[in-house]
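In this note's numbering, the protein residues as written are 120 to 452.
All C-beta atoms, glycine included, are put in the ideal place defined by N, C-alpha and C.
Below is one structure, written out as structure tokens; the observations come after it.
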């Protein structure tokens, strides 16, 4: 972690990967594991490695429960809830969030409301997000946690981009990435929202610059999650003649990950792009996929957009029954 901060993200990535491998293979007592597992549970997402994230996050929660480490349990649950949200299991996230609230009320150990506000953002719950996010920003500023401000603003940008409120998303995401220059998962995800909002509000220069900053982080990571996000951003900053292969590459990459929400967003953005190119049947198929995925995950704010697109074009509703057809598997899935 020291190398990552002194010599840069790319220099730290291989050392952090090795540290995770050593940690997973080490024979240690439960108390020793509990002492160090927070680092593993936060390092894996910082590498944009969904495969390496789930196990330590789940183990952190289990250890805290088993050892009666109630002061650590809210922190452990935050890591696990955020993973569940990004992987599209909002039902599991809600159950864990209820546990976190109960533990915090009993111990008076409160984590910033990152998990609750990210859940609100992905669900499109403007009222709840408007209540939680400003309060979190005030709290983390008081504690001097600048990265906490970036996290809250990223989550707010997710909400605005999901609802199609691109001007608000642009202002929020731009504030996030300008206030924190160090490459982290939070800045990477905020850059994704900035590219999306800037491309949709006629700011191509800012979108391209943000896409380039994103690539510096994701190329060092090299996971399918890391490479899928900039591929989608590349599509958003490309012209009509070159965008489609980037959308397809993004879908191929993200389909190999557990980050289902971002895969659904890619189908949505691809479908909206196809609609603008007047490729109606192809657009309809992408919008159907995104609507079905968002609906199944409970991401209602995002789910309304493909449905609205179909109504505007007088297409059948994405949720209408249709014949089942065989689908070719994406290579490598």
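Review point. Taking the alpha-carbon positions, what's the residue 281 to residue 406 distance?
Key: Within the chain shown, residue 281 is the residue found at index 162, counting from 1. Within the chain shown, residue 406 is the residue found at index 287, counting from 1. Roughly 14 Å separates the two Cα atoms.
Check your understanding: Nearest to residue 374 by CA position, among 345, 361, 358, 355, is which residue?
Key -> Indexing the chain shown from 1 puts residue 374 at position 255. Nearest option by C-alpha distance: 345.
Review point. Can you tell me whether residue 164 is buried or exposed, with buried defined as 16 or more other CB within 10 angstroms of its CB?
Key: Along the chain shown, one-based indexing puts residue 164 at 45. The residue is buried, with at least 16 neighbouring Cβ atoms inside 10 Å.
Review point. Helix or strand or just coil, what does DSSP make of residue 378?
Key: One-based indexing of the chain shown puts residue 378 at position 259. Coil, per DSSP.
Review point. Under the rule that 16 or more other beta-carbon atoms within 10 Å means buried, what is residue 148, buried or exposed?
Key: Residue 148 sits at position 29 when you count from the first residue of the chain shown. When all chains shown are included, residue 148 counts as exposed.
**Study point:** C-beta contact flag for residue 388 and residue 348 at 8 Å
**Key:** In the chain shown, counting from the first residue as 1, residue 388 sits at position 269. In the chain shown, counting from the first residue as 1, residue 348 sits at position 229. In this structure, residue 348 does not lie closer than 8 Å to residue 388 by Cβ.
Check your understanding: If you draw a straight line from the C-alpha of residue 199 to the C-alpha of residue 222, how long is it?
Key -> Position 80 of the chain shown, counted from the start, is the residue given in the question as residue 199. Position 103 of the chain shown, counted from the start, is the residue given in the question as residue 222. C-alpha separation (whole angstroms): 15 Å.
Review point. Considering residue 155, what are the terminal residues of the alpha helix (DSSP H) in which it resides?
Key: In the chain shown, residue 155 corresponds to position 36, counting from 1. That run of the alpha helix (DSSP H) goes 149-165.
Check your understanding: Between the beta-carbon of residue 129 and the beta-carbon of residue 142, is there less than 8 Å?
Key -> Sequence index remark: in the chain shown, residue 129 carries index 10 (1-based). Sequence index remark: in the chain shown, residue 142 carries index 23 (1-based). Contact: no.
Point to revise | Distance between residue 423 and residue 415 (C-alpha atoms, nearest Å) | key: As a working mapping, residue 415 is identified with position 296 in the chain shown. As a working mapping, residue 423 is identified with position 304 in the chain shown. Distance between the alpha carbons of residue 415 and residue 423: 13 Å.
Exercise for review: Mark residue 261 as exposed unless 16 or more other C-beta atoms lie within 10 angstroms of its C-beta, in which case mark it buried.
Suggested key: If you number the chain shown from 1, residue 261 lands on position 142. The residue in question, residue 261, is exposed, as its Cβ has fewer than 16 Cβ neighbours within 10 Å.
Review point. Considering only the beta carbon of each residue, do residue 340 and residue 122 sit closer than 8 Å?
Key: Working through the chain shown from its first residue, we reach residue 340 at position 221. Working through the chain shown from its first residue, we reach residue 122 at position 3. Going by C-beta atoms, residue 340 is not nearer than 8 Å to residue 122.
Review point. Three or more beta-carbon pairs under 8 Å between the stretch 209-222 and the stretch 235-245, yes or no?
Key: yes
Practice item. Tell me whether residue 412 is buried or exposed, calling it buried when 16 or more other Cβ atoms sit within 10 Å of its Cβ. Key: As a working note, residue 412 is residue 293 in the chain shown. Under this definition residue 412 is a buried residue.
Review point. For the 8 Å Cβ check, are there 3 or more pairs between the stretch 172-191 and the stretch 352-367?
Key: no
Practice item. Please classify residue 229: is it buried, with 16 or more other beta-carbons within 10 angstroms of its beta-carbon, or exposed? Key: As a working mapping, residue 229 is identified with position 110 in the chain shown. Under this definition residue 229 is an exposed residue.
**Study point:** Runs of alpha helix (DSSP H) wholly within the stretch 321-382 (minimum 4 residues, chain order)
**Key:** 323-340, 343-356, 362-373
Exercise for review: Report the rounded CA-to-CA distance for residue 227 versus residue 425, giving the unit in angstroms.
Suggested key: The residue labelled residue 227 in the question sits at position 108 within the chain shown. The residue labelled residue 425 in the question sits at position 306 within the chain shown. Their backbone Cα atoms lie some 42 Å apart in a straight line.
Point to revise | Outcome for residue 372 when other beta-carbon atoms lying within 10 angstroms are tallied against a minimum of 16 | key: Position 253 of the chain shown, counting from 1, holds the residue named residue 372. Buried.
Check your understanding: Grouping DSSP H, G and I as helix and E and B as strand, with all else coil, what is residue 303?
Key -> As a first step, residue 303 is located in the chain shown; it is residue number 184 there, counting from the start. Here residue 303 sits in coil by DSSP.
Point to revise | Of the residues 275, 244, 241, the one placed nearest residue 255, counting alpha carbons only | key: The residue given as residue 255 occupies position 136 in the chain shown. Closest option to residue 255, Cα to Cα, is 275.
Exercise for review: Counting only the same chain and skipping the five closest in sequence on each side, list residues whose C-beta sits under 7 Å from that of residue 175.
Suggested key: Locating residue 175 in the chain shown gives position 56, where the first residue counts as 1. Around residue 175: 156, 159, 160, 163.
Practice item. Run through the stretch 261-315 for me and flag every whole alpha helix (DSSP H) of 4 or more residues, listed as ranges in chain order. Key: 265-281, 285-298
Check your understanding: Closest by CA to residue 396, which one among 369, 360, 385, 417?
Key -> As a first step, residue 396 is located in the chain shown; it is residue number 277 there, counting from the start. The residue with the shortest Cα to Cα distance from residue 396 is 360.
Review point. How long is the line joining the alpha carbons of residue 342 and residue 179, rounded to whole angstroms?
Key: Counted from its first residue, the chain shown places residue 342 at position 223. Counted from its first residue, the chain shown places residue 179 at position 60. If I take the Cα positions, the gap works out to 23 Å.
Point to revise | As assigned by DSSP and simplified to three states, the class of residue 120 | key: Mapped onto the chain shown, residue 120 falls at position 1. Coil at residue 120, not helix or strand.
Review point. How many Å lie between residue 182 and residue 390 at the Cα?
Key: Position 63 of the chain shown holds residue 182. Position 271 of the chain shown holds residue 390. Taking the straight line from one Cα to the other gives about 43 Å.
Practice item. Go through its chain and collect everything with a Cβ distance to residue 258's Cβ below 7 Å, but skip five positions before and after it. Key: Within the chain shown, numbered from 1, the residue matching residue 258 stands at position 139. Correct list, in chain order: 231.
Exercise for review: Could you check how far apart the C-beta atoms of residue 305 and residue 270 are, in whole angstroms? I think they sit under 8 Å.
Suggested key: As a working note, residue 305 is residue 186 in the chain shown. As a working note, residue 270 is residue 151 in the chain shown. Going by Cβ atoms, the distance from residue 305 to residue 270 rounds to 5 Å, so yes, they are a contact pair.
Exercise for review: Would you identify the three-state DSSP class for residue 228, choosing helix, strand or coil?
Suggested key: The residue labelled residue 228 in the question sits at position 109 within the chain shown. Residue 228 falls in the coil class under three-state DSSP.
Check your understanding: Any idea what DSSP makes of residue 192, helix, strand or coil?
Key -> The residue given as residue 192 occupies position 73 in the chain shown. Looking at residue 192 - three-state DSSP - the assignment turns out to be helix.
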